[in-house]
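Every letter in the sequence shown is one number past the one before it in our numbering, and letter 131, counting from 1, is 987.
Every residue gets a Cβ at the ideal spot worked out from N, C-alpha and C, and that includes glycine.
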Amino acid sequence: RPGLVGGHCIGVDPYYLTHKAQAIGYHPEIILAGRRLNDSMGAYVVSQLVKAMTKQRIYVEGARVLVMGLTFKENCPDLRNTRIVDIVKELGEYNVAVDVYDPWVEKEEAEHEYGITPIESPQAGKYDAVILAVSHEEFVKMGADEIRKLGKAKHILYDLKYVLPADASDLRL
857 RPGLVGGHCI GVDPYYLTHK AQAIGYHPEI ILAGRRLNDS MGAYVVSQLV
907 KAMTKQRIYV EGARVLVMGL TFKENCPDLR NTRIVDIVKE LGEYNVAVDV
957 YDPWVEKEEA EHEYGITPIE SPQAGKYDAV ILAVSHEEFV KMGADEIRKL
1007 GKAKHILYDL KYVLPADASD LRL
């Protein structure tokens, strides 16, 4: 499934492979290009969201966005090298208030590792945009209608993981 590449293996192994290849005189352009692309995905996601919000005449500065999921993969509490943090930081560059909700995450670990304090539960009708960033079972079971209830009357739903029907979200990665 699509999504941001993170974690302790897939997100890191290409750098090790690159290091070893360069040690024997080979410059692995494709691997490096892939990493550059993956490393820029947080900014890309936010730029797409900002464009969609602007088209819907939703003010970006001062908006409130819910990011559903922080772990690097679904149904696991592992935060190592999660790239969802890139989205949260990039949204901050636009002076957006971000709530991160992830029932799998230990709050103290998220605060210690990334300076992010996850919320206990999102409030209905509060958000200008909702980003479904990690396909935790709980989120998939909610379905598009329940997730949409978290947004204001006019909001953007961005499905990074393609877990909702295509016509149920405003944006997909």
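- A direct Cα-Cα distance of roughly 11 Å separates Glu965 from Thr927.
- Of the other Cβ atoms in all chains shown, fewer than 16 fall within 10 Å of the Cβ of Pro1021; this residue is therefore exposed.
- Taking a 10 Å sphere around the C-beta of Asp958, we find 16 or more other C-beta atoms and assign the residue as buried.
- Shown here, Leu1016 sits in coil according to DSSP, grouped into three states, outside any helix or strand.
- Between Asp1001 and the set Met924, Ser991, Val990 and Leu1013, the nearest pair of CA atoms involves Leu1013.
- The beta carbon of Glu967 sits closer than 8 Å to the beta carbons of Thr973 from its chain, once the five residues preceding and following it are set aside; these are given in chain order.
- Only residues of its own chain outside the window of five on either side were considered, and among them Asn951, Val952 and Ala953 have a CB closer than 8 Å to the CB of Gly918, listed in chain order.
- Under DSSP, Ile987 takes part in a beta bridge, and its partners are Val923 and Tyr1014.
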